[in-house]
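Visitor: Attaching a single structure in structure tokens format; questions to follow.
There are 4 protein chains.
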Amino acid sequence: MTSPINVIVWGEYRHEKRNPKVAELYPDGMHETIAAFLRKDTALSVGTATLDEPEHGLTEAVLKKTDVLIWWGHMAHGDVQDAIVERVKKRVLEGMGLVVLHSGHYAKIFKSLLGTTCSLKWREASDKERIWNILPSHPITQGIGDYFEIPAEEMYGEPFGIPAPDELLFISWFTGGEVFRSGATWYRGNGRIFYFRPGHETYPTYHQAEVQKVITNSVHWARATVRIPDTCPNSPALEPLPDDPEAHLRSKIGHK
Amino acid sequence: MTSPINVIVWGEYRHEKRNPKVAELYPDGMHETIAAFLRKDTALSVGTATLDEPEHGLTEAVLKKTDVLIWWGHMAHGDVQDAIVERVKKRVLEGMGLVVLHSGHYAKIFKSLLGTTCSLKWREASDKERIWNILPSHPITQGIGDYFEIPAEEMYGEPFGIPAPDELLFISWFTGGEVFRSGATWYRGNGRIFYFRPGHETYPTYHQAEVQKVITNSVHWARATVRIPDTCPNSPALEPLPDDPEAHLRSKIGHK
Amino acid sequence: MTSPINVIVWGEYRHEKRNPKVAELYPDGMHETIAAFLRKDTALSVGTATLDEPEHGLTEAVLKKTDVLIWWGHMAHGDVQDAIVERVKKRVLEGMGLVVLHSGHYAKIFKSLLGTTCSLKWREASDKERIWNILPSHPITQGIGDYFEIPAEEMYGEPFGIPAPDELLFISWFTGGEVFRSGATWYRGNGRIFYFRPGHETYPTYHQAEVQKVITNSVHWARATVRIPDTCPNSPALEPLPDDPEAHLRSKIGHK
Amino acid sequence: MTSPINVIVWGEYRHEKRNPKVAELYPDGMHETIAAFLRKDTALSVGTATLDEPEHGLTEAVLKKTDVLIWWGHMAHGDVQDAIVERVKKRVLEGMGLVVLHSGHYAKIFKSLLGTTCSLKWREASDKERIWNILPSHPITQGIGDYFEIPAEEMYGEPFGIPAPDELLFISWFTGGEVFRSGATWYRGNGRIFYFRPGHETYPTYHQAEVQKVITNSVHWARATVRIPDTCPNSPALEPLPDDPEAHLRSKIGHK
């Protein structure tokens with residue numbers, strides 16, 4: 001029997017406490033709504049963590065056993081401690097999966113792993129979003145047809161300041177006239193990263209079946225299958241080397 | 001008449017002052033050797049900068065007019081100030097080219113732009129390195145035949161902890177039995193990045209014609225052609241939107 | 001002084017003879033309209049070729065001196081001789097640039113170089129097309145702002161049956177609700193390929209300034225800089241080999 | 001319970017009948033040796049097919065139920081019928097996996113899917129080959145350490161005339177001084193392609209455990225998970241379109 005995939009849903013959990021509209025949509029926080037639909041998948045073991053917990057709920061012990069981390073943040077990216085970002089990044093590069101949602105495009109962890117601005121156009125005006133599936137053979141797009149629609153969402157528009165994705169899965173059409181690469185993957189180190197655009201806090205997006213399906217699929221796809229610590233080893237030769245009469249002159253300074 | 005390409009060769013310039021072997025090979029510093037061969041190309045206007053200058057020689061004014069920055073560092077990566085790294089990164093993402101040499105694989109600026117460990121295997125044992133040209137149509141490989149050899153170099157071996165390159169130009173064969181992706185490019189933001197492996201400080205690598213040819217080519221390839229500042233604009237709709245009866249309920253917190 | 005870039009604009013040139021609407025828009029054929037705007041660029045030397053010429057106008061002599069071939073075909077893809085397709089493909093792989101327009105997505109030469117179905121959704125209903133520039137630093141997108149619009153065009157929609165582009169430059173938004181990767185590049189062999197979506201024969205698309213700008217830019221980008229014939233050489237060892245006592249037993253059958 | 005992965009090992013099966021050395025190594029043909037080790041994996045259901053069977057053993061009925069096709073050919077690529085190549089290609093683009101071995105780099109099916117020359121350097125001189133694992137997190141490289149060695153093999157050297165791989169898994173070091181991208185994947189249509197270099201007919205390569213491990217892993221990775229037939233549909237609009245007063249003038253010629 002296969003062991004379950006350990007998932008942590010990380011939520012900033014601030015909008016829900018300040019904005020009654022958001023609280024009405026997500027009474028226990030967006031992270032709990034996401035965790036709840038993931039728990040319907042018996043292959044997953046799902047926990048949560050939030051910004052205002054000690055160490056943002058992302059202790060070494062928690063991360064050590066996490067296979068996939070889901071990240072939603074927006075108004076408080078700056079409050080995430082740099083040391084915790086480094087800890088998460090290290091785990092991703094060792095092999096943990098990372099699913100970044102919506103406004104997480106500006107999360108420190110996402111920008112740090114991608115290395116670019118991650119900027120975009122935006123508008124809060126209840127555009128209809130139609131998300132086209134452009135890679136129907138990918139594990140993340142299974143069960144999604146040619147497209148699905150979100151009745152009202154914040155608009156994100158191109159250009160999106162990301163490195164070219166390793167796989168481009170979804171492109172969104174918006175009523176107001178924009179397009180966006182709304183589902184994309186990157187392989188970084190030994191980990192897999194999936195960015196999925198939908199999920200502005202003032203809309204019931206995470207209650208929608210297709211959105212839940214994509215996120216659930218992405219957890220399976222991103223699950224850690226290896227854990228490879230970083231090393232930079234001095235490696236002896238595997239084949240005979242030429243004589244090196246000047247070896248004694250070599251620098252002993254600045255070795256890695 | 002075309003304006004010249006403004007190049008800054010940045011050198012850590014520490015090994016040269018401490019290790020007589022290095023000083024003998026590069027009496028004015030490695031950066032001056034590199035600048036000297038670049039100056040033979042009349043299309044280039046070449047300056048230098050070093051770690052121990054104020055702001056590491058990389059002031060806002062200098063970077064503003066720089067089209068390509070070449071980076072060599074090794075023993076003192078940690079002494080480069082984070083604020084200067086951010087400044088350089090911002091310029092690369094706006095459009096400046098960046099050529100990272102040898103041990104610069106561990107430079108803060110390289111790791112920050114790529115987002116991965118950038119680790120590798122290494123050995124200082126005077127392996128012969130044969131550098132194979134696997135992309136003979138690329139601007140950077142012009143004038144290089146099927147391969148060229150460096151008689152003695154530090155070995156770098158795979159796996160190399162980088163994101164998959166956008167273009168893989170060179171693969172090295174080492175006497176001791178290893179291989180390495182020794183020339184690769186990444187497009188990040190509006191800038192172009194080239195990593196080129198050779199150049200350990202205790203060898204006369206930067207005096208070798210083929211190495212000089214590759215670096216010179218790379219400067220032409222990486223030159224800035226645009227300067228696009230980062231923005232994340234609120235964008236009005238280009239097409240009629242559906243009515244939004246709940247607009248007044250929208251969050252006013254946490255806007256970008 | 002730099003020698004000019006030799007461009008051949010290949011047109012199927014059949015719609016123009018059968019459909020009065022098309023003839024009105026392109027009285028001398030679409031290829032002549034395209035050639036005419038390219039000729040305003042003094043760096044280019046522009047000729048044309050059409051399906052019903054001997055060897056479709058693409059003799060060995062013509063191709064030998066061509067740096068970039070532009071291809072527009074639609075109703076008569078099947079009439080293009082396989083031998084000519086192979087000849088063009090050989091030249092692209094040696095280094096010639098290829099710009100494929102609109103319905104050329106189903107041209108034999110495009111399908112043969114990409115290896116996939118190149119299928120898509122389509123609709124002739126005068127959608128407005130808004131073409132978003134998602135790679136503003138690329139040579140092909142220079143002089144194009146964030147986007148431009150074509151007032152009426154045939155719709156092409158995703159999924160588009162192509163290999164992941166090496167560079168994705170444009171994504172189109174259509175009134176009817178679809179999106180499309182409408183500008184993309186592939187590096188194949190030593191040649192560069194650019195696909196550009198707009199240009200249905202019943203619209204004045206090739207008279208529009210932005211479309212002309214993109215095609216002109218693409219010719220500069222795709223120009224041949226090398227000509228490397230295909231070889232598969234038996235190569236002597238560069239380093240001493242181990243003894244091979246069984247060498248005489250080796251197969252002499254089936255060598256390349 | 002999961003249904004088995006249906007695998008067909010296709011062998012040219014000619015060298016084995018003509019060259020006693022090859023027959024000694026592979027008495028029932030190379031395809032049977034490969035099939036035999038795959039059959040140890042109870043998740044796989046393995047059959048074989050060879051060139052001299054009717055339709056090369058690749059009837060519509062066989063392909064319809066095949067999840068992964070493994071291909072080894074060398075001296076008789078030209079004897080493979082074009083119609084069968086098209087049939088296999090169609091199945092790959094629908095979703096079937098394809099694993100191409102060694103001299104299969106020049107098989108019609110491989111060249112047709114990749115679109116390039118697929119040429120390389122070669123030498124039959126019993127080089128030692130050391131295969132470096134450069135993507136240790138990939139499903140195909142699991143159970144393989146940093147590298148493994150093949151005591152004697154034909155050399156294949158760069159440049160290899162392929163499109164940039166979607167994933168580069170292995171790079172080979174050869175005694176004689178060359179390097180080669182010896183394990184690479186491409187996603188084409190809905191199918192997955194893996195090329196694996198080792199396996200010259202005069203060496204016992206397919207009896208080696210590491211080689212068997214890689215091929216077995218690749219079958220799991222490449223297995224068909226979808227079957228999506230090619231279509232190019234005329235698609236009605238999903239959103240209201242502008243009036244089209246000239247609709248009656250539209251071309252009725254040349255529709256797809």
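Residue numbers (the UniProt record's numbering), protein chains in the order written: chain D, 1 to 256; chain L, 1 to 256; chain U, 1 to 256; chain F, 1 to 256. Glycine included, each C-beta is placed from N, C-alpha and C at the ideal position.
Can you give the Cα-Cα distance for A224(L) and L120(L), rounded to whole angstroms?
Guide: Here residue 224(L) refers to the residue found at position 224 of the second sequence. Here residue 120(L) refers to the residue found at position 120 of the second sequence. Cα to Cα, A224(L) sits roughly 29 Å from L120(L).
Visitor: Within 10 angstroms of its Cβ, does N234(U) collect 16 or more other Cβ (buried), or is it exposed?
Guide: By 1-based counting over the third sequence, the position of residue 234(U) is 234. Its Cβ having fewer than 16 others within 10 Å, N234(U) is exposed.
Visitor: Looking only at its own chain, which residues have a Cβ that is under 8 Å from the Cβ of K90(L), when we skip the five neighbours before and after it?
Guide: Against the second sequence, residue 90(L) aligns to sequence position 90. Closer than 8 Å at the Cβ level, and outside the excluded window around K90(L), lie D230.
Visitor: Is N133(U) helix, strand or coil by DSSP?
Guide: Residue mapping note: residue 133(U) aligns to position 133 of the third sequence, counting from 1. Three-state result, N133(U): strand.
Visitor: Counting only Cβ-Cβ distances shorter than 8 Å, please list the residues of the segment 156-185 of chain D near chain L, keeping chain order.
Guide: G157, G161, P163, A164, D166, T175, G176, G177 and E178
Visitor: Cα separation between R181(D) and R227(U)?
Guide: Indexing the first sequence from 1 puts residue 181(D) at position 181. Indexing the third sequence from 1 puts residue 227(U) at position 227. Spanning the two alpha carbons is a distance of roughly 36 Å.
Visitor: Which runs of the alpha helix (DSSP H) spanning at least 4 residues fall entirely within the segment 94-138 of chain U, listed in chain order?
Guide: 108-114
Visitor: Show which residues of chain D have a CB atom less than 9 Å away from the CB atom of P240(U).
Guide: Taking the first residue of the third sequence as 1, we reach residue 240(U) at position 240. Per Cβ cutoff of 9 Å: no residues; P240(U) is ~10 Å from chain D at best.
Visitor: Which residues bound the alpha helix (DSSP H) around F37(L)?
Guide: Walking along the second sequence from the start, residue 37(L) turns up at place 37. DSSP places F37(L) in the uninterrupted alpha helix (DSSP H) bounded by M30 to R39.
Visitor: Could you pull out every residue in the same chain whose Cβ sits closer than 8 Å to the Cβ of P151(D), ignoring the five residues on either side in sequence?
Guide: As a working mapping, residue 151(D) is identified with position 151 in the first sequence. These residues qualify, in order along the chain: K128.
Visitor: Would you kindly work out how many angstroms separate the C-alpha atoms of T2(U) and V7(L), rounded to a whole number?
Guide: As a first step, residue 2(U) must be located in the third sequence, where it is residue number 2. As a first step, residue 7(L) must be located in the second sequence, where it is residue number 7. Going from the Cα of T2(U) to the Cα of V7(L) covers about 24 Å.
Visitor: In or out: E153(D) buried (at least 16 other Cβ within 10 Å) or exposed?
Guide: Translated into the one-based positions of the first sequence, residue 153(D) becomes position 153. With 16 or more other Cβ atoms within 10 Å, it is buried.
Visitor: Label Q212(L) either buried or exposed according to how many other C-beta atoms from any shown protein chain fall within 10 Å of its C-beta, with 16 as the threshold for buried.
Guide: For the purposes of this step, residue 212(L) is taken as the residue at position 212 of the second sequence. When all chains shown are included, Q212(L) counts as buried.
Visitor: Using a Cβ-Cβ cutoff of 8 Å, what residues of the segment 114-136 of chain D are near chain U? List them in chain order.
Guide: R130, W132, N133, I134, L135 and P136
Visitor: Could you work out which residues of chain L lie near G78(D), taking near to mean beta carbons separated by less than 7 Å?
Guide: Taking the first residue of the first sequence as 1, we reach residue 78(D) at position 78. Within chain L, no C-beta atom comes nearer than 7 Å to that of G78(D); the closest sits roughly 11 Å away.
Visitor: Work out the CA separation of G78(F) and V214(L) for me, nearest whole Å.
Guide: Within the second sequence, residue 214(L) is the residue found at index 214, counting from 1. Within the fourth sequence, residue 78(F) is the residue found at index 78, counting from 1. Answer to the nearest angstrom: the Cα atoms are 40 Å apart.
Visitor: Is W173(L) near E32(F), with beta carbons less than 8 Å apart?
Guide: Within the second sequence, numbered from 1, the residue matching residue 173(L) stands at position 173. Within the fourth sequence, numbered from 1, the residue matching residue 32(F) stands at position 32. Against a cut-off of 8 Å, the Cβ pair of E32(F) and W173(L) comes out as no contact.
Visitor: Considering just the uninterrupted stretch of the alpha helix (DSSP H) at P20(L), what are its terminal residues?
Guide: Taking the second sequence and counting its residues from 1, one reaches residue 20(L) at position 20. Its alpha helix (DSSP H) spans residues P20 to L25.
Visitor: By the criterion of Cβ-Cβ separation under 7 Å, what are the contact partners of R188(F) in chain U?
Guide: As a first step, residue 188(F) must be located in the fourth sequence, where it is residue number 188. Within chain U, the residues near R188(F) are G115, T116 and P163.
Visitor: Please state whether DSSP places N190(U) in a helix, a strand or coil.
Guide: Position 190 of the third sequence, counted from the first residue, corresponds to residue 190(U). In the structure shown, N190(U) sits in coil (DSSP, three-state: anything other than H, G, I, E or B).
Visitor: What first and last residue would you give for the alpha helix (DSSP H) that runs through N234(L)?
Guide: Within the second sequence, residue 234(L) is the residue found at index 234, counting from 1. Counting along the chain, N234(L) sits inside no alpha helix (DSSP H), nor does DSSP assign it H or E at all.
Visitor: From D146(L) to L114(F), what distance separates their C-alpha atoms?
Guide: Start at 1 with the first residue of the second sequence, and residue 146(L) comes out as number 146. Start at 1 with the first residue of the fourth sequence, and residue 114(F) comes out as number 114. Whole-angstrom Cα-Cα distance: 23 Å.
Visitor: Rounded to a whole number of angstroms, what is the C-alpha to C-alpha distance between F170(D) and G199(L)?
Guide: Position 170 of the first sequence, counting from 1, holds the residue named residue 170(D). Position 199 of the second sequence, counting from 1, holds the residue named residue 199(L). Between F170(D) and G199(L), the C-alpha separation is close to 43 Å.
Visitor: Bridge partners of R91(F), per DSSP?
Guide: In the fourth sequence, residue 91(F) corresponds to position 91, counting from 1. For R91(F), which the question treats as bridged, DSSP gives no partner whatsoever.
Visitor: I'd like the list of long-range same chain contacts for Y195(L), defined as Cβ closer than 6 Å, with 5 residues on each side in sequence excluded.
Guide: As a first step, residue 195(L) must be located in the second sequence, where it is residue number 195. So the list reads V100 and A184, once near-sequence residues are dropped.
Visitor: Which bits of chain D does N6(L) rub up against, with CB to CB less than 7 Å?
Guide: The residue labelled residue 6(L) in the question sits at position 6 within the second sequence. Correct list: empty, because the minimum Cβ distance to chain D is about 23 Å.
Visitor: Just to confirm the assignment, what range does the beta strand (DSSP E) spanning I5(L) have?
Guide: To locate residue 5(L), count along the second sequence from 1; it is residue 5. It spans I5 to G11 - the beta strand (DSSP E) in which I5(L) sits, taken as one unbroken run.
Visitor: Under a CB-based cut-off of 8 Å, is P233(F) close to chain U?
Guide: Counting from 1 along the fourth sequence, the entry for residue 233(F) is found at position 233. P233(F) counts as touching chain U.
Visitor: Ends of the beta strand (DSSP E) at L63(U)?
Guide: The residue labelled residue 63(U) in the question sits at position 63 within the third sequence. Looking at the DSSP string, L63(U) is not in any beta strand (DSSP E); the run it does join, the alpha helix (DSSP H), is E60 to K64.
Visitor: Helix, strand or coil for Y206(U)? Go by DSSP, reduced to three states.
Guide: Here residue 206(U) corresponds to residue number 206 of the third sequence, with the count starting at 1. In this structure, DSSP gives Y206(U) a helical state, which the three-state scheme calls helix.
Visitor: I need the boundaries of the beta strand (DSSP E) containing T50(F), first residue and last residue.
Guide: For the purposes of this step, residue 50(F) is taken as residue 50 along the fourth sequence, with counting starting at 1. Its beta strand (DSSP E) spans residues L44 to T50.
Visitor: I'd like to know whether the C-beta of A237(L) is nearer than 8 Å to at least one C-beta of chain D.
Guide: To locate residue 237(L), count along the second sequence from 1; it is residue 237. It does: the Cβ of A237(L) has a partner Cβ on chain D nearer than 8 Å.
Visitor: Please name the residue, chosen from A36(U), H105(U), A107(U) and W10(U), that lies closest to L63(U) on a Cα-to-Cα basis.
Guide: Stepping through the third sequence from its first residue, residue 63(U) is reached at position 63. The shortest C-alpha separation from L63(U) is found at W10(U).
Visitor: Which residues in the same chain as E158(L) place their Cβ atom closer than 8 Å to its Cβ, once the five residues preceding and following it in sequence are excluded?
Guide: Sequence index remark: in the second sequence, residue 158(L) carries index 158 (1-based). For E158(L), where only same-chain residues beyond five positions count, the Cβ hits under 8 Å are L120, K121, E178, V179, F180 and R181.
Visitor: Specify the secondary structure class of A184(D) as computed by DSSP and reduced to three states.
Guide: Counted from its first residue, the first sequence places residue 184(D) at position 184. Note: A184(D) maps to strand in three-state DSSP.
Visitor: Checking 8 Å against the spacing of the C-beta atoms, do Y206(F) and I84(F) come in under that value?
Guide: Taking the first residue of the fourth sequence as position 1, residue 206(F) is located at position 206. Taking the first residue of the fourth sequence as position 1, residue 84(F) is located at position 84. No, they are not a contact pair.
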